[in-house]
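One structure is given below, encoded as structure tokens.
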Amino acid sequence: MKPAERSGARLAVVQALYEMEISGKGVIDALAEFEAFWIGQVIDEVEHPPAETAFFRDLLRGVVEEQRAIDQRLDAALAAGWPLRRLEAVVRAILRAGAYEVMFRRDVPVKVAISEYVDVAHSFYEGEEPGLVNAVLDKVGRAVRPDDFTKGSAPKGATTKGSRAG
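When we follow the UniProt record's numbering, the leftmost residue of the sequence shown carries the number 1, and every step to the right adds one.
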């Protein structure tokens, strides 16, 4: 599979998670809708990138199945007074998908997952949100996969200044 198709799957998962939260759809309906009508399609003059379907399915199902553990880990990584439920739905979707990869997809290097979800955040935001995503996922990664970090290294574009990560 092509790296671009994995990136497309990550973006589609974030969009599907957002859609599920806003509409109340279940995972089966979201999978069917995104595979049939969104992935690789042009909708309202917006091109949705192709995505590696098996990876998309694994990520979406995995986030839903592991959401309780993911949310607990994310709440622990966020600063006091900034629980996950207080963040915007898109930011929650990005963090949940990223945390799933960091926590449960050992075949994906932590720094790659963090970088990918920072890129996804840049697709939606120009402000501080990508920095927040970076800081929170970095904290999750260091907690659950400390061996993936070498002394003095940080993910590409790492910054915690001004973020709500604790």
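All residues carry an ideal CB built from backbone N, CA and C; glycine is no exception.
Candidates the options: closest to residue i by CA position
i	options	result
residue 66	76, 78, 96	96
residue 60	33, 74, 77	33
residue 135	107, 148, 123, 98	98
residue 147	7, 10, 106	106
residue 170	144, 150, 149	The shown model of the chain, from 1 to 166, leaves out residue 170, and the question about it has no answer.
residue 76	11, 142, 54, 149	142
residue 167	30, 55, 92	The requested residue 167 does not occur in the structure, where the chain is confined to residues 1 to 166.
residue 28	10, 64, 11	64
residue 73	92, 25, 11, 58	92
residue 13	150, 94, 118	94
residue 149	118, 109, 117, 126	109
residue 103	90, 79, 71, 118	71
residue 89	17, 79, 7	17
Buried versus exposed, by CB contacts within 10 Å (16 or more), residue i
i	result
residue 101	buried
residue 189	The structure shown has nothing for residue 189, since the chain only spans 1 to 166.
residue 26	exposed
residue 9	buried
residue 52	buried
residue 30	buried
residue 11	buried
Could you tell me whether the region 126 to 133 touches the region 15 to 30, using the rule of 3 or more Cβ pairs below 8 Å? no
Return the chain-ordered ranges of every beta strand (DSSP E) run that is complete within the region 84 to 136 and spans a minimum of 3 residues. Counting only runs of at least 3 residues, the region 84 to 136 fully encloses no beta strand (DSSP E) element at all.
Should the region 137 to 144 be regarded as contacting the region 108 to 118, the criterion being three or more beta carbon pairs within less than 8 Å? Segments in contact, yes.
Does the region 77 to 84 come close enough to the region 117 to 127 to have 3 or more Cβ pairs within less than 8 Å? When C-beta atoms of the region 77 to 84 are compared with those of the region 117 to 127, fewer than three pairs fall below 8 Å, so the two segments do not count as touching.
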